[in-house]
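Chains W, G, H, X, Y, S, V, L, F and U are the protein sequences, given in the same order.
Its first residue numbered 1, the first sequence is counted upward by one per residue in full-length UniProt numbering.
Its first residue numbered 1, the second sequence is counted upward by one per residue in full-length UniProt numbering.
Its first residue numbered 1, the third sequence is counted upward by one per residue in full-length UniProt numbering.
Its first residue numbered 1, the fourth sequence is counted upward by one per residue in full-length UniProt numbering.
Its first residue numbered 1, the fifth sequence is counted upward by one per residue in full-length UniProt numbering.
Its first residue numbered 1, the sixth sequence is counted upward by one per residue in full-length UniProt numbering.
Its first residue numbered 1, the seventh sequence is counted upward by one per residue in full-length UniProt numbering.
Its first residue numbered 1, the eighth sequence is counted upward by one per residue in full-length UniProt numbering.
Its first residue numbered 1, the ninth sequence is counted upward by one per residue in full-length UniProt numbering.
Its first residue numbered 1, the tenth sequence is counted upward by one per residue in full-length UniProt numbering.
Using N, Cα and C, we set each Cβ at its ideal position, and we do this for glycine too.
Here's the structure, in structure tokens; my notes come after.
Number of protein chains: 10
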Amino acid sequence: MVRLETTLPSGMPEEERAALLAAELRRGRELVAAGTIDHIWRLPGRLANVGVWSVADADELHAVLGSLPLWRWMTVGVEALASHPLETGAVDSR
Amino acid sequence: MVRLETTLPSGMPEEERAALLAAELRRGRELVAAGTIDHIWRLPGRLANVGVWSVADADELHAVLGSLPLWRWMTVGVEALASHPLETGAVDSR
Amino acid sequence: MVRLETTLPSGMPEEERAALLAAELRRGRELVAAGTIDHIWRLPGRLANVGVWSVADADELHAVLGSLPLWRWMTVGVEALASHPLETGAVDSR
Amino acid sequence: MVRLETTLPSGMPEEERAALLAAELRRGRELVAAGTIDHIWRLPGRLANVGVWSVADADELHAVLGSLPLWRWMTVGVEALASHPLETGAVDSR
Amino acid sequence: MVRLETTLPSGMPEEERAALLAAELRRGRELVAAGTIDHIWRLPGRLANVGVWSVADADELHAVLGSLPLWRWMTVGVEALASHPLETGAVDSR
Amino acid sequence: MVRLETTLPSGMPEEERAALLAAELRRGRELVAAGTIDHIWRLPGRLANVGVWSVADADELHAVLGSLPLWRWMTVGVEALASHPLETGAVDSR
Amino acid sequence: MVRLETTLPSGMPEEERAALLAAELRRGRELVAAGTIDHIWRLPGRLANVGVWSVADADELHAVLGSLPLWRWMTVGVEALASHPLETGAVDSR
Amino acid sequence: MVRLETTLPSGMPEEERAALLAAELRRGRELVAAGTIDHIWRLPGRLANVGVWSVADADELHAVLGSLPLWRWMTVGVEALASHPLETGAVDSR
Amino acid sequence: MVRLETTLPSGMPEEERAALLAAELRRGRELVAAGTIDHIWRLPGRLANVGVWSVADADELHAVLGSLPLWRWMTVGVEALASHPLETGAVDSR
Amino acid sequence: MVRLETTLPSGMPEEERAALLAAELRRGRELVAAGTIDHIWRLPGRLANVGVWSVADADELHAVLGSLPLWRWMTVGVEALASHPLETGAVDSR
Chain W
1 MVRLETTLPS
11 GMPEEERAAL
21 LAAELRRGRE
31 LVAAGTIDHI
41 WRLPGRLANV
51 GVWSVADADE
61 LHAVLGSLPL
71 WRWMTVGVEA
81 LASHPLETGA
91 VDSR
Chain G
1 MVRLETTLPS
11 GMPEEERAAL
21 LAAELRRGRE
31 LVAAGTIDHI
41 WRLPGRLANV
51 GVWSVADADE
61 LHAVLGSLPL
71 WRWMTVGVEA
81 LASHPLETGA
91 VDSR
Chain H
1 MVRLETTLPS
11 GMPEEERAAL
21 LAAELRRGRE
31 LVAAGTIDHI
41 WRLPGRLANV
51 GVWSVADADE
61 LHAVLGSLPL
71 WRWMTVGVEA
81 LASHPLETGA
91 VDSR
Chain X
1 MVRLETTLPS
11 GMPEEERAAL
21 LAAELRRGRE
31 LVAAGTIDHI
41 WRLPGRLANV
51 GVWSVADADE
61 LHAVLGSLPL
71 WRWMTVGVEA
81 LASHPLETGA
91 VDSR
Chain Y
1 MVRLETTLPS
11 GMPEEERAAL
21 LAAELRRGRE
31 LVAAGTIDHI
41 WRLPGRLANV
51 GVWSVADADE
61 LHAVLGSLPL
71 WRWMTVGVEA
81 LASHPLETGA
91 VDSR
Chain S
1 MVRLETTLPS
11 GMPEEERAAL
21 LAAELRRGRE
31 LVAAGTIDHI
41 WRLPGRLANV
51 GVWSVADADE
61 LHAVLGSLPL
71 WRWMTVGVEA
81 LASHPLETGA
91 VDSR
Chain V
1 MVRLETTLPS
11 GMPEEERAAL
21 LAAELRRGRE
31 LVAAGTIDHI
41 WRLPGRLANV
51 GVWSVADADE
61 LHAVLGSLPL
71 WRWMTVGVEA
81 LASHPLETGA
91 VDSR
Chain L
1 MVRLETTLPS
11 GMPEEERAAL
21 LAAELRRGRE
31 LVAAGTIDHI
41 WRLPGRLANV
51 GVWSVADADE
61 LHAVLGSLPL
71 WRWMTVGVEA
81 LASHPLETGA
91 VDSR
Chain F
1 MVRLETTLPS
11 GMPEEERAAL
21 LAAELRRGRE
31 LVAAGTIDHI
41 WRLPGRLANV
51 GVWSVADADE
61 LHAVLGSLPL
71 WRWMTVGVEA
81 LASHPLETGA
91 VDSR
Chain U
1 MVRLETTLPS
11 GMPEEERAAL
21 LAAELRRGRE
31 LVAAGTIDHI
41 WRLPGRLANV
51 GVWSVADADE
61 LHAVLGSLPL
71 WRWMTVGVEA
81 LASHPLETGA
91 VDSR
């Protein structure tokens with residue numbers, strides 16, 4: 001699970017801001033298409049999202065996150081997720 | 001998004017603990033079947049999970065969470081999620 | 001429940017600051033008139049408020065918050081609220 | 001604004017728990033009727049609520065909160081609220 | 001009880017800084033004379049203070065704090081205080 | 001400035017609890033009479049207070065706090081206060 | 001990276017405590033031998049450690065942590081680690 | 001620098017408590033005599049202290065802290081300290 | 001006990017930075033010579049230190065800290081310390 | 001264990017940024033070669049790493065960290081580590 005919150009300098013020219021946001025959306029679509037982003041939701045009222053990313057390992061995650069146009073203005077939180085018996089049908093519910 | 005962390009008293013008899021965990025799993029399956037729980041993952045190493053629950057409103061969420069056998073031993077975190085343009089195809093990516 | 005705290009750059013020209021605050025108030029009145037803002041209070045001594053907003057879902061909340069003139073300088077906190085038996089008259093007080 | 005989160009000992013007999021919750025609801029109704037509780041909402045999934053209480057001063061608030069049957073098991077947060085120009089129609093929107 | 005911590009931009013010209021601090025002191029004296037500030041102490045080593053302010057309600061507190069010359073650079077914390085039986089002589093010491 | 005929050009075991013017999021609270025009040029009166037407690041207020045809704053204590057040094061404060069009947073169940077916060085020019089009439093308002 | 005802090009009930013009989021700690025050490029040796037625990041250090045003065053665990057995925061991590069005799073008394077923190085160019089010799093040092 | 005805060009169960013018999021505290025003091029004297037504890041101060045009003053301990057390495061610190069009679073009821077914080085040019089007379093004041 | 005962490009603007013010219021750091025060291029030496037700074041250590045890797053300062057009261061501490069050349073860029077933490085029986089030889093070890 | 005998180009001003013020219021990052025990597029290689037950095041990992045998605053550094057004492061750590069080209073833009077966290085019986089083969093598993 002990846003939390004991304006973007007804080008753009010309030011003095012950034014409008015054009016630059018819009019271009020960055022558009023580039024971010026384009027890159028995001030590529031990652032959805034590639035299956036890297038499984039699910040993604042917005043945190044209402046914030047330039048922030050939380051999503052479930054499928055990657056081979058943390059190295060790939062680092063590279064992919066580093067490829068985001070807004071990366072330099074992001075606060076990033078990464079949380080490893082394990083599968084849940086409710087989704088896998090497993091019995092042991094430790 | 002709902003975070004549930006369960007802290008069972010360490011002195012709880014083994015049997016009671018196992019029965020509660022099994023009842024929790026059964027109730028969870030009902031909620032998955034009913035479409036209330038969309039996605040759920042485990043936080044590795046903890047008796048905790050994070051999931052995406054679909055409910056009509058917070059009242060329904062309160063009732064459903066209150067129906068969980070482990071509810072009394074749970075720490076609950078609820079975070080409203082908005083849809084993301086990457087999933088809806090919307091253009092505006094504020 | 002929505003918490004909004006605004007931090008305007010201290011170097012912002014007075015005029016721009018006053019214009020933004022006035023625009024924010026006008027937009028706020030529209031949202032009160034539209035029933036989107038049910039209740040709103042100020043946190044004394046701060047450029048911050050806490051309010052109860054009625055929206056269909058988190059998507060609408062995101063759009064509405066994004067329409068606030070001060071949005072770019074805001075720290076936003078959103079907390080889902082369920083109704084309370086004291087207001088609904090319900091009996092079960094889990 | 002008053003936040004109340006109740007943590008009842010998990011070993012508390014069911015009867016005692018139910019009696020306390022019922023007494024709490026009765027006392028709450030008295031406070032709503034007396035106009036002390038203006039608004040109150042539940043925090044979904046928790047034995048917790050957030051409300052707007054109208055009292056003459058903090059002394060009255062202390063006495064009223066102390067009269068709640070669940071007081072001894074409560075974590076209490078109090079936050080002073082000022083009125084907002086959106087509700088009072090005032091112009092100055094500092 | 002009001003906590004005020006001021007963070008002035010380190011690049012602020014010395015003169016402007018001194019003028020603001022002097023204006024703040026003058027305004028503070030007015031508030032002490034008016035009985036609004038009952039007690040005030042400094043937090044040693046910081047441009048910060050903690051004080052007990054007597055106001056009719058939170059609205060008055062908001063207006064008074066907003067009148068401080070340093071308000072725009074302040075972090076404000078407000079905590080409602082109730083009287084204590086040790087000061088009122090009351091018996092019940094819940 | 002001293003913050004004291006008392007957490008008594010919820011299972012403590014009523015009598016013992018009342019006796020402790022009464023003893024605490026008596027000890028508090030002694031400290032007020034001795035000038036050790038200058039000012040003290042309650043944090044509304046909590047078994048907690050904040051006060052200004054005058055002591056020669058931290059050793060005396062430790063001994064005095066240790067003499068409180070409720071000491072063993074207290075969470076203690078101590079914050080050194082310096083005098084403020086608004087109270088001393090000093091000019092330098094660093 | 002896995003942080004494990006164990007809090008055993010202070011009333012636990014000495015024998016039971018010693019047996020648990022010994023069992024924990026035995027299980028730990030198995031995990032070191034199996035290559036699951038790459039590195040592990042103690043946090044001085046605490047019944048806590050931080051270690052680098054190599055697992056296929058978070059599911060395996062959950063199962064392995066759940067197999068620790070002290071698991072029920074542990075607070076667990078998991079942090080995904082990516083490789084660093086200083087160790088892989090990669091050039092890009094984003 | 002080592003912070004030790006002790007939380008003894010409030011139900012612990014008086015005798016046991018006093019014996020533990022006395023044993024702790026004796027062990028502390030040994031450590032002062034051995035030069036392991038350089039400086040130690042009390043945090044007023046709390047069963048807590050902060051001290052500067054001189055040890056060869058963290059292993060020795062772990063063993064020494066583990067030898068304290070109150071260890072099992074302690075929350076331990078360890079912070080590595082480097083020497084300061086004001087004490088060593090060094091010039092570089094990075 | 002006083003914690004000082006300095007955050008100098010990264011854009012500050014090298015010369016100004018070096019001059020400030022040198023002035024800080026000179027002032028520090030004066031305070032050591034005057035017995036105001038008893039002990040001081042560096043927090044490794046940071047422009048920060050923790051020290052034990054001996055002052056008559058918090059007013060003197062405020063004045064002395066305000067005299068530090070780096071004061072304007074400092075985050076200051078002050079913690080009152082009481083003497084410990086291990087240093088004073090006192091018997092009561094509450 | 002050392003945590004380093006770098007926050008470069010977003011307005012820093014690209015060239016300067018790249019040169020700093022390259023210089024940092026070169027310095028890091030020297031420290032790996034010198035055995036000062038034992039292990040180092042990246043925190044995925046962040047300009048941050050966590051590593052195990054072997055130094056004689058905190059003074060050496062301070063000097064070494066101060067030698068890093070990115071030091072001025074770093075947030076530094078240092079945590080002393082003791083060896084673990086699982087690595088040393090010791091029996092006592094306090």
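DSSP places residue 79 of chain X in the coil class of the three-state scheme, outside both helix and strand. Taking the CA atoms as reference points, residue 23 of chain H sits about 17 angstroms from residue 42 of chain H. Distance from residue 50 of chain U to residue 61 of chain U at the Cβ level is roughly 15 angstroms; contact not present, criterion being Cβ atoms closer than 8 angstroms. Boundaries for residue 34 of chain G: no alpha helix (DSSP H) harbours it, and the DSSP string shows neither H nor E there. For residue 73 of chain V, the nearest CB of chain G lies under 8 angstroms from its own CB, placing it at the interface with that chain. In the DSSP annotation of this structure, residue 6 of chain L is not part of any alpha helix (DSSP H); the continuous beta strand (DSSP E) holding it starts and ends at 2 to 6. Taking 8 angstroms as the cut-off, the beta carbon of residue 6 of chain W is found no closer than this to the beta carbon of residue 63 of chain W.
Shown here, residue 66 of chain U sits in a helix according to DSSP, grouped into three states. Counting along the chain, residue 86 of chain S sits inside the alpha helix (DSSP H) bounded by residues 85 to 88. Nearest in C-alpha terms to residue 68 of chain Y, of all of Y/86, Y/34, Y/26, is Y/26.
Taking a beta-carbon distance threshold of 8 angstroms, residue 44 of chain W counts as an interface residue toward chain H.
Residue 46 of chain G sits in coil when the DSSP states are folded into three classes, being neither helix nor strand. Shown here for residue 76 of chain L: same chain residues with a beta carbon closer than 8 angstroms to its own, the five before and five after excluded, namely 2, 3, 4, 65 in chain order. Under the Cβ criterion of 8 angstroms, residue 77 of chain Y is not counted among the residues facing chain S. In the three-state reduction of the DSSP assignment, residue 51 of chain S falls in the strand class. In this structure, the beta-carbon distance from residue 82 of chain Y to residue 58 of chain X falls below 8 angstroms. Per DSSP, the beta bridge partners of residue 74 of chain U are U/6. Looking at U/32, U/88, U/29, U/70, the one whose alpha-carbon comes closest to that of residue 18 of chain U is U/70.
Sequence-distant Cβ neighbours of residue 39 of chain G in its own chain, meaning closer than 8 angstroms and more than five residues away, are 51, 52. Nearest in C-alpha terms to residue 32 of chain S, of all of S/54, S/80, S/89, S/73, is S/54. At a cut-off of 8 angstroms between beta carbons, residue 23 of chain F makes no contact with chain S. Scanning its chain for C-beta atoms nearer than 7 angstroms, with the 5 sequence neighbours on each side dropped, one finds around residue 20 of chain F the residues 69, 70, in chain order.
Interface with chain U (8 angstroms Cβ-Cβ cutoff): residue 8 of chain L is excluded.
A straight line joining the alpha-carbon of residue 36 of chain V with that of residue 8 of chain G spans about 28 angstroms. Counting of Cβ neighbours within 10 angstroms places residue 89 of chain H among the exposed residues, the total staying below 16. A Cβ of chain U is located within less than 8 angstroms of the beta carbon of residue 81 of chain L. The beta carbon of residue 14 of chain U lies closer than 6 angstroms to none in the same chain, with the five residues before and after it left out. With a cutoff of 8 angstroms on beta-carbon distance, residue 86 of chain G and residue 29 of chain W are scored as near each other. By the neighbour-count criterion, in which a residue is buried when 16 or more other Cβ atoms sit within 10 angstroms of its Cβ, residue 56 of chain U is exposed. For residue 50 of chain U, the closest Cβ of chain F is not nearer than 8 angstroms.
Residue-level contact check: residue 61 of chain W touches chain V, since one or more beta carbons of chain V fall below 8 angstroms from its beta carbon.
Chain G has no Cβ within less than 8 angstroms of the Cβ of residue 35 of chain W. Taking a Cβ-Cβ cut-off of 7 angstroms, the neighbours of residue 58 of chain S in chain L comprise 44, given in sequence order. Note on geometry: alpha-carbon atoms of residue 72 of chain S and residue 11 of chain L lie some 10 angstroms from one another. Here the C-alpha atom of residue 80 of chain G lies approximately 26 angstroms from the C-alpha atom of residue 44 of chain U.
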